Each structure stands twice: as C-alpha cells, then as structure tokens.
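Okay, so here's the structure we're looking at.
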Amino acid sequence: RKLLNFSYSFSSDSFYPISGTASPPSDDGSSPKILLERPFVYFGKTYDNIYVNNNGHLTFNASYDSYSPQRFPLYGSRDLIAPFWTDLDNRRSGSVLYNQYTNGSVLQQATRDINSYFPNLSFSADLVFVATWYEVAYLSMTGTKTTFQAVLISGGQKSFVLFNYGSIASATQSVQAGYDTINSIHHFTIPGSFSSSATGNNSTFSLSSNVNVTGRWAFQVDSGPEGSLYPMDGTASSRSDDGSSPQIHLQRPFAYFGKTYNSIYVLSTHLLMCIYEPAGWI
Numbered sequence: 001r002k003l004l005n006f007s008y009s010f011s012s013d014s015f016y017p018i019s020g021t022a023s024p025p026s027d028d029g030s031s032p033k034i035l036l037e038r039p040f041v042y043f044g045k046t047y048d049n050i051y052v053n054n055n056g057h058l059t060f061n062a063s064y065d066s067y068s069p070q071r072f073p074l075y076g077s078r079d080l081i082a083p084f085w086t087d088l089d090n091r092r093s094g095s096v097l098y099n100q101y102t103n104g105s106v107l108q109q110a111t112r113d114i115n116s117y118f119p120n121l122s123f124s125a126d127l128v129f130v131a132t133w134y135e136v137a138y139l140s141m142t143g144t145k146t147t148f149q150a151v152l153i154s155g156g157q158k159s160f161v162l163f164n165y166g167s168i169a170s171a172t173q174s175v176q177a178g179y180d181t182i183n184s185i186h187h188f189t190i191p192g193s194f195s196s197s198a199t200g201n202n203s204t205f206s207l208s209s210n211v212n213v214t215g216r217w218a219f220q221v222d223s224g225p226e227g228s229l230y231p232m233d234g235t236a237s238s239r240s241d242d243g244s245s246p247q248i249h250l251q252r253p254f255a256y257f258g259k260t261y262n263s264i265y266v267l268s269t270h271l272l273m274c275i276y277e278p279a280g281w282i
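Per full-length UniProt numbering, the very first residue in the sequence shown carries number 1; after that it's consecutive.
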C-alpha cells in the first residue's frame with residue numbers, strides 16, 4: 001500500500017510539526033522499517049532504524065504489535081519508547097504520522113529546547129524524528145480522539161526523547177507511558193500510568209511535566225549501563241533476601257518534605273527508609 005504524506009495544524013505550543021508520512025490505518029499495525037538519516041543512541045546502543053507502532057510505542061530493529069500495556073520494568077528483550085501504550089485503532093479516524101529533519105527550523109527548535117531543559121551541555125541537534133498519533137481512537141470507541149507525540153532528538157553521541165500530550169480522550173483501559181530497555185537496565189514510568197487519571201480532560205500526562213512545560217516530558221537517553229549513574233562504590237550491605245544496611249549516620253542533615261533526618265537505611269527491596277528523630281531524641 002502506498003504511504004501518503006499529511007500535514008495538520010494543531011493549537012499547542014508544545015507540539016512539534018504534525019506532518020509527514022502516514023502509516024497504513026490499522027488496529028495493531030506498524031509503520032514499515034524507517035531508516036534514520038542519522039544514528040540514534042539509546043542507552044549505549046546505536047540504532048539506524050525505527051518502527052512507529054500504532055498502539056502508542058516505538059521500537060528498534062523490529063515492529064511490535066502489542067496492544068495490551070504492561071507495567072515497566074518488563075525485564076524483556078526489547079528497547080521500547082512508549083508515550084502512550086494502549087489499545088488504539090485508527091482504521092476509521094485518526095492518523096499515525098512520522099517525519100524526520102536534519103536541517104532547518106525544527107532542528108533549531110530542538111536545540112533550544114534541549115539546552116533549556118539540560119543546561120551546560122552545549123547541545124546541537126543534527127536529527128529530529130517526530131512520531132505523532134493524531135486524533136486516534138481507542139479500540140471499539142471510534143468516536144474518541146487522542147493526540148500525543150514522541151520526538152527523538154540526536155546530536156553527536158547525545159540523544160533525548162520528548163513526549164508531548166494534547167487532548168486525551170476518556171477511557172477505562174490501562175495506559176503505560178515511559179520507556180524501557182533490554183533487561184530493564186534503564187526504565188521510567190510517567191506518574192499516572194495504570195491509573196484512572198491517565199485519560200480524560202484531566203489526564204495526568206496532559207497536565208504534568210518534568211521540564212515545566214505543561215504536557216511535555218523530556219528524557220536524556222544516550223547513557224550506557226553506567227553513564228547516567230554516580231560512582232558505584234562504597235560499603236556493601238550483607239547479602240540477604242529482605243534485609244537492610246545497618247543504621248547509616250548522615251554526615252549532614254537531610255530535609256525530606258519538612259522533616260530533617262540524620263540517618264538512613266538502605267533496604268535490599270530497592271527502598272530507602274528514614275526514621276524521624278525529634279529534636280533532643282537519643
């Protein structure tokens with residue numbers, strides 16, 4: 001089937017241009033293999049192709065037709081970027097579009113955005129890949145219209161992902177938003193995933209942000225297994241199933257939402273725990 005090019009106007013300052021090649025309308029389909037005009041580094045791996053999958057996610061090297069969202073971390077064998085993973089169907093209405101830019105105003109916009117959100121990097125974009133799900137419907141809910149976008153930005157060995165959220169129609173089905181990597185070495189879930197606040201006029205995704213731009217989330221995604229971590233050294237806790245470190249006395253007080261702590265425990269269940277010590281407590 002011949003792929004068509006479309007362009008839409010959309011009243012949102014946070015969205016990149018909604019234009020480009022439209023994937024064939026389908027329930028659980030995908031774009032064909034898209035060759036990237038510049039390499040994209042995703043947590044230490046360099047990719048030269050990508051797939052835009054109709055059910056709200058992007059994958060590398062192979063398409064992915066899963067319509068049933070799963071909670072991150074998956075501990076699976078797939079690198080996955082998921083702005084809005086849920087069961088979508090654009091056979092009757094809506095478009096799934098993709099476009100890429102290697103020069104011009106879109107690169108300038110991306111360069112400004114990344115340097116604003118991640119200062120001191122002196123970043124310069126050389127690739128912007130934009131995937132837009134424009135007014136797509138949920139499965140068996142043909143009158144619904146949901147619009148969101150994933151923007152992949154690359155420059156040298158640095159790479160970033162933006163999620164932009166527009167109007168999110170109400171639904172009872174689950175949504176997972178965030179990203180995951182092979183074996184879940186890196187993963188992130190946007191708050192509101194798998195909750196009733198994921199969809200509707202008060203969708204958490206449309207009303208929240210981690211970069212102070214309502215409806216936009218931004219992530220740096222180039223680092224390898226150790227690239228985004230502080231030095232991994234220090235005292236090791238005893239090996240155990242559900243154990244804990246001994247009480248660790250902090251060298252400086254740590255304020256946590258109005259309470260000041262002088263000690264902390266590191267639990268083997270991936271938690272940190274503080275015990276409140278009122279003034280004068282011994």
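Yeah, the Cβ is synthetic: ideal placement off N, Cα and C, and Gly gets one too.
Note that the structure is predicted; figures quoted are calculated from it, not measured.
Would residue i and residue j qualify as a contact pair, given that the criterion is a beta-carbon distance under 8 Å?
{"i": "residue 73", "j": "residue 180", "result": "yes"}
{"i": "residue 130", "j": "residue 149", "result": "yes"}
{"i": "residue 28", "j": "residue 55", "result": "yes"}
{"i": "residue 118", "j": "residue 155", "result": "no"}
{"i": "residue 189", "j": "residue 178", "result": "yes"}
{"i": "residue 208", "j": "residue 191", "result": "yes"}
{"i": "residue 263", "j": "residue 249", "result": "yes"}
Residue i to residue j, Cα distance in whole Å?
{"i": "residue 114", "j": "residue 101", "result": "16 Å"}
{"i": "residue 67", "j": "residue 126", "result": "32 Å"}
{"i": "residue 128", "j": "residue 96", "result": "17 Å"}
{"i": "residue 50", "j": "residue 15", "result": "21 Å"}
{"i": "residue 65", "j": "residue 59", "result": "10 Å"}
{"i": "residue 20", "j": "residue 98", "result": "5 Å"}
{"i": "residue 235", "j": "residue 183", "result": "26 Å"}
{"i": "residue 186", "j": "residue 35", "result": "24 Å"}
{"i": "residue 46", "j": "residue 39", "result": "6 Å"}
Where do the ends of the alpha helix (DSSP H) carrying residue i lie?
{"i": "residue 106", "result": "105 to 117"}
{"i": "residue 204", "result": "204 to 207"}
Run the CB neighbour count on residue i, radius 10 Å, all protein chains shown included, and call it buried at 16 or more, exposed below.
{"i": "residue 163", "result": "buried"}
{"i": "residue 158", "result": "buried"}
{"i": "residue 258", "result": "exposed"}
{"i": "residue 205", "result": "buried"}
{"i": "residue 254", "result": "exposed"}
{"i": "residue 104", "result": "exposed"}
With respect to the beta strand (DSSP E) encompassing residue i, which residues constitute its N-terminal and C-terminal limits?
{"i": "residue 84", "result": "80 to 85"}
{"i": "residue 59", "result": "57 to 59"}
{"i": "residue 143", "result": "141 to 155"}
{"i": "residue 180", "result": "176 to 180"}
Checklist entry - Hey, is the segment 88 to 96 in contact with the segment 49 to 64, meaning 3+ C-beta pairs nearer than 8 Å? => result yes
Item to check | Stretch pair the segment 194 to 202 + the segment 166 to 174: three plus CB contacts closer than 8 Å | outcome: yes
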